[in-house]
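Heads up: the structure comes next, in structure tokens.
There are 2 protein chains.
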Amino acid sequence: MNTALSHDTILPNWLLRCAENQPNHLAAQCGPVRWSFTELLRQADHLAYQLAARGVSKESRVALLATNGLPFVVTVHALMRLGAILIPLNTRLTQQELAWQLSDVQATFLCSDQRYADIAQQLADEITPLAHVLITSDVQQDVLVADQTEGPVIALQETIHLDAVHSIMYTSGTTGHPKGVLITYGMLCWGALGSALTLGHYADDCWLACLPLFHVSGLTVLMRSVINGISVNLHEKFEPEAVNRAIFEERVTIISVVAVVLQRMLDALDASEAQGRYPATLRCVLLGGGPAPRPLLERCAAKNIPVVQTYGLTESCAQAVTLLPADALRKLGSAGKPLFPVQLRILTEDYQPVPPGEPGIIHLQGPTITPGYDHRPEATAHAFHNGWFTTGDLGYVDEEGYLYVLDRRTDLIISGGENVYPAEIEAVLMSHPEVEDAGVCGVDDSQWGQLPIAFVRLREGSSLTATELGPYVTQHLAHYKRPKAIYAVAQLPRNSAGKLLRRELPGLLPS
Amino acid sequence: MNTALSHDTILPNWLLRCAENQPNHLAAQCGPVRWSFTELLRQADHLAYQLAARGVSKESRVALLATNGLPFVVTVHALMRLGAILIPLNTRLTQQELAWQLSDVQATFLCSDQRYADIAQQLADEITPLAHVLITSDVQQDVLVADQTEGPVIALQETIHLDAVHSIMYTSGTTGHPKGVLITYGMLCWGALGSALTLGHYADDCWLACLPLFHVSGLTVLMRSVINGISVNLHEKFEPEAVNRAIFEERVTIISVVAVVLQRMLDALDASEAQGRYPATLRCVLLGGGPAPRPLLERCAAKNIPVVQTYGLTESCAQAVTLLPADALRKLGSAGKPLFPVQLRILTEDYQPVPPGEPGIIHLQGPTITPGYDHRPEATAHAFHNGWFTTGDLGYVDEEGYLYVLDRRTDLIISGGENVYPAEIEAVLMSHPEVEDAGVCGVDDSQWGQLPIAFVRLREGSSLTATELGPYVTQHLAHYKRPKAIYAVAQLPRNSAGKLLRRELPGLLPS
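Chains as they are written, first to last, in UniProt numbering: chain A, 1 to 511; chain B, 1 to 511.
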């Protein structure tokens with residue numbers, strides 16, 4: 001028989017295709033600026049030629065330090081037109097941390113917007129060879145420009161190879177040293193298509209992005225826009241009133257949030273004149289960044305807000321498992337079922353399958369999973385077993401195939417031989433009406449090995465003390481799971497994606 | 001840098017994934033029978049084990065001779081669970097033509113339903129080694145069965161390799177000898193996803209299939225069902241009243257049609273009590289099989305019927321280019337713009353690009369395009385140039401990127417050095433209110449090389465004669481394009497997909 005040869009899949013450049021097929025469709029709105037796909041392509045191509053003149057070429061490693069905004073978006077697309085590799089930097093890192101990442105990834109260019117121009121220039125002065133490229137706006141030409149020099153005229157990439165690396169994203173670093181996760185075009189494409197199949201796809205969809213674009217949850221919104229041909233409503237930062245206004249006035253249909261963001265949106269909604277209801281146009285509130293507290297889900301249910309819970313990580317290109325609104329309360333605490341291209345398995349430490357209901361390590365496989373970590377063959381080899389990616393997270397699948405994420409494995413507390421999952425304790429604490437946020441970690445104990453301790457942020461105006469939560473905890477948790485101590489704190493350490501940084505909890509202990 | 005290795009993309013088996021993620025969702029409805037994805041999987045797996053017991057295994061070549069119906073659907077899925085290759089046979093072929101295809105493709109099994117049991121058995125008796133497998137219904141177990149023998153218990157395929165061959169479909173044979181087109185899983189998958197992005201994707205979509213499942217336009221409806229997770233409303237044959245009833249009563253949202261089918265649906269609709277309007281739930285009428293006559297499009301526009309025109313061929317896994325309803329009248333005669341994964345180029349005979357507005361040969365590229373013809377390396381090499389597939393069809397792209405298909409290249413009439421496109425003449429004839437159908441071909445002429453002649457089917461009750469169309473044609477066509485003669489006939493030769501068989505037109509000439 002003839003054998004169909006295995007070959008890399010080639011697609012038209014996504015933005016180019018959108019500009020061809022839907023030239024006048026809204027691509028991105030940011031504040032008062034509204035760009036069609038044609039205009040976004042014009043901006044991206046103009047910048048791409050300038051970057052090429054500065055020396056950026058195919059497979060150049062180009063870091064980007066910029067706030068959420070159109071310069072960020074245009075730079076991402078310009079790099080795709082050049083076939084260069086994007087390294088989006090977390091703007092909240094210290095200069096030292098940024099320098100470490102830039103050296104580790106061996107970036108040769110560092111693009112920044114005006115806001116991060118000084119720190120970017122300092123980094124470029126410090127690291128060799130790293131050139132700073134400032135992206136600014138040329139008001140006269142109404143176009144974004146780089147501080148270009150003369151250079152050869154090059155042809156832009158008209159196609160995309162799904163096996164090629166699109167970007168390298170450093171994991172947020174809650175566990176061990178940060179590693180650069182290779183994100184291929186294929187991961188982004190299959191993720192966007194899988195998301196569209198699960199959430200539905202409507203020609204007039206408009207996705208609001210208020211989470212950082214330098215995280216995978218933000219970057220994937222930009223990519224879904226050009227893959228699925230829909231609009232992005234971009235916010236420079238999260239302001240609950242501004243986000244709510246966009247939902248009411250700018251026909252936002254989908255929004256990506258984490259729990260704390262959603263909570264603040266609802267508080268602002270209740271304080272507004274909208275009588276606590278969003279318009280029916282808002283068809284999907286995609287909630288990531290860890291299990292949602294029950295009271296939040298119930299509050300959303302009472303307001304008919306279509307919350308779609310999701311589990312994913314940088315290595316799975318965000319959304320990998322999704323719980324639809326119809327199951328939100330019936331399967332409380334579940335992250336749902338895998339997207340169309342994703343396969344899910346729960347395995348023991350020895351990679352043996354575990355039956356439904358029993359916890360194990362969550363493994364994922366499929367074209368949305370990273371091929372590995374940049375220049376870390378050992379870490380890559382360690383993360384895969386027979387082609388399955390080991391997330392390091394603990395979870396189980398119920399009889400109906402719904403995933404429950406128990407905990408990030410590296411945060412696991414082992415106490416007297418029993419496994420204690422911080423997330424479980426936090427969920428109990430957060431279900432108390434006076435508790436706004438909670439975090440649990442282990443402390444060493446000579447008798448038991450480890451013991452859990454808890455930190456809570458109480459609701460504003462609450463007269464409760466942390467120790468008064470004791471009886472509530474006793475009521476809900478087996479003895480070995482009860483925190484040895486509970487501390488009230490003003491703020492819990494969460495990263496910009498809303499993920500709890502449990503490693504930092506011990507630093508909150510009263511000295 | 002690390003290079004992401006090129007590798008075959010692996011997905012969960014589509015039906016399995018639907019049964020896992022949407023177990024109770026309607027998979028297929030055929031007459032009174034309604035099967036969920038769970039039930040369809042149960043049927044497919046049961047049959048797969050029986051086929052395995054008969055000797056069907058991975059990469060076995062299994063032909064299928066069956067009418068549109070559940071046995072057809074279940075056999076297709078059973079073969080996918082075994083990794084066997086499907087060869088769907090056109091039930092309208094003569095026994096001689098079937099024997100030729102079975103030998104050419106070297107099928108070792110021939111599945112049939114009860115209706116085609118006799119001819120299938122005769123073919124199996126005639127061809128060595130070809131075993132007939134009758135698919136019947138076991139009423140007691142409420143399951144489809146094959147006439148199984150004892151055999152080893154095998155493991156079913158849980159995944160799908162996108163580079164693997166799913167089926168081999170013989171081109172309808174309007175041009176030259178039939179060839180077996182390799183259809184990979186990847187072609188089907190990218191086609192379904194590209195279709196969903198263009199048409200939109202709604203959780204409650206239900207696709208009505210009344211075109212033959214043995215053609216690519218029918219088979220792709222079955223695949224879109226399990227890839228996109230939507231329902232199929234299956235009709236054994238096209239009965240306009242039954243199709244209209246399903247649209248009204250069974251919440252059909254999408255239907256695939258050809259012009260003559262749509263025309264008959266509208267006639268039946270006008271004769272019914274529905275006052276000539278379909279319900280708003282019918283959101284997409286996908287019209288393939290050649291350019292649509294203007295009066296039909298205008299009739300649909302007047303009734304607010306959302307006609308989506310499409311161009312495609314077996315080698316492009318059906319739908320490759322699509323015209324959305326908003327553009328239907330503005331871009332009359334256009335097939336629209338390419339789907340998300342498809343690239344389109346118009347090239348000369350020498351593979352040089354032609355500017356917009358100028359006709360050339362339509363070329364396609366992308367993961368929905370066949371890797372080639374089964375055991376015909378020369379035909380495959382001939383069909384591709386630098387990775388672009390030569391459709392052999394003539395067309396042009398306008399300034400806005402809309403494709404206009406002028407004609408099937410092999411039907412081109414060259415008269416006095418001028419190119420004459422039969423489709424253009426047919427479109428003029430069909431725009432006459434008294435003409436129901438038309439076909440044009442060339443006849444040899446000593447002076448001009450070739451001259452066009454035309455055949456028309458007049459509307460029932462029309463008092464017109466064919467020659468009376470002369471002045472109308474003169475009014476609409478340049479002299480060299482005018483048919484030398486016009487003949488009224490009772491029926492034009494169209495294949496089961498509704499495609500005009502121009503090669504057979506000369507046979508209609510009065511002797």
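Don't be surprised by glycine CBs; every beta carbon is placed ideally from N, CA and C. Here the structure is a predicted model, which means the values were calculated and not measured.
Taking a Cβ-Cβ threshold of 7 angstroms, the residues of chain B close to Pro341 of chain A are Leu11, in chain order. Assigned with DSSP and collapsed to three states, Ile127 of chain A falls in coil, not helix or strand. DSSP places Asn228 of chain A in the uninterrupted alpha helix (DSSP H) bounded by 216–228.
The C-beta of Tyr202 of chain B comes closer than 7 angstroms to at least one C-beta of chain A. It is roughly 10 angstroms from the alpha-carbon of Phe37 of chain A to the alpha-carbon of Ala44 of chain A. The beta carbon of Glu378 of chain B does not come within 7 angstroms of any beta carbon belonging to chain A, so the residue lies off that interface. Of the candidates B:Ile160, B:Ala454, B:Gln319, the residue whose Cα lies closest to the Cα of Ile227 of chain B is B:Ile160. Inter-residue distance for Glu358 of chain B and Ile346 of chain B is about 9 angstroms (C-alpha atoms, whole angstroms). Counting the other Cβ atoms within 10 Å of the Cβ of Val420 of chain B gives 16 or more, which makes it buried.
Put simply, the backbone Cα of Pro23 of chain A is about 45 angstroms away from that of His382 of chain A. For the beta strand (DSSP E) assignment, the uninterrupted runs of no fewer than 3 residues enclosed by the UniProt domain "AMP-binding enzyme C-terminal" (424–499) of chain B are, from N- to C-terminal side, 435–445, 449–458, 486–488. Shown here, Gly392 of chain B sits in a strand according to DSSP, grouped into three states. About 15 angstroms separates the beta carbons of Leu313 of chain A and Thr380 of chain A, which is beyond the 8 angstroms limit, so they are not a contact pair. Across the region 193–223 of chain B, CB contacts with chain A closer than 8 angstroms involve Leu193, Ala196, Leu197, Gly200, His201, Tyr202, Ala203, in sequence order along the chain. Under the 10 Å beta carbon count, Thr465 of chain B is surrounded by fewer than 16 other beta carbons and is classified as exposed.
Within the region 347–362 of chain A, no residue places its CB atom closer than 8 angstroms to a CB of chain B. Counting C-beta pairs closer than 8 angstroms gives fewer than three between the region 180–193 of chain A and the region 47–66 of chain A, which falls short of the contact rule. Linking Gln352 of chain A to Ala301 of chain A through their CA atoms gives a straight-line distance of about 38 angstroms. Counting along the chain, no alpha helix (DSSP H) covers His375 of chain A, and no H or E run does either.
Around Tyr311 of chain A, the same chain offers Ala320, Val321, Ala335, Leu403, Val405 as residues with beta carbons nearer than 7 angstroms, after the five sequence neighbours per side are excluded. By the Cβ criterion, the region 259–271 of chain B is in contact with the region 237–250 of chain B, since at least three pairs of Cβ atoms, one from each stretch, lie closer than 8 angstroms. Taking 3 residues as the shortest admissible run, the region 293–340 of chain A contains the following complete beta strand (DSSP E) segments, listed from N- to C-terminal end: 307–313, 318–323.
In this structure, A:Glu315 is the residue among A:Glu315, A:Ile413, A:Glu399 with its C-alpha nearest to the C-alpha of Gln365 of chain A. Segment contact: the region 115–127 of chain B against the region 85–104 of chain B, three or more CB-CB distances shorter than 8 angstroms; contact assigned.
If you draw a 10 Å sphere on the C-beta of His132 of chain B, you find 16 or more other C-beta atoms in it, and that means buried.
Each residue's CA atom was taken as its position, placing Pro355 of chain B and Leu344 of chain B some 13 angstroms apart. Closest option to Ala66 of chain A, judged by alpha-carbon separation, among A:Ser60, A:Tyr202, A:Asn90: A:Asn90. Spatial neighbours of Ile413 of chain A in its own chain (CB-CB distance under 7 angstroms, excluding positions within 5 residues in sequence) are listed in chain order as Val420, Pro422, Gly442, Gln450, Pro452. Contact between the region 215–235 of chain A and the region 27–34 of chain A is established, with three or more Cβ pairs separated by less than 8 angstroms.
Using beta-carbon distances, Glu20 of chain A counts as an interface residue toward chain B, with a partner under 7 angstroms. Under the 10 Å beta carbon count, Lys58 of chain B is surrounded by fewer than 16 other beta carbons and is classified as exposed. Nearest C-alpha to Ser272 of chain B among B:Thr281, B:Ala280, B:Ile255, B:Phe248: B:Phe248. In the three-state scheme derived from DSSP, where H, G and I count as helix and E and B as strand, Asp204 of chain A is classed as coil. Taking C-alpha positions only, Val473 of chain B is separated from Val428 of chain B by approximately 7 angstroms. Exclusion of the five residues before and after Ala318 of chain B leaves Val216, Ser217, Thr220, Gly312 as the residues of its chain whose Cβ lies within less than 6 angstroms of its Cβ. Look at the region 94–127 of chain A and you find these whole runs of beta strand (DSSP E), each 3 residues long or longer: 109–112.
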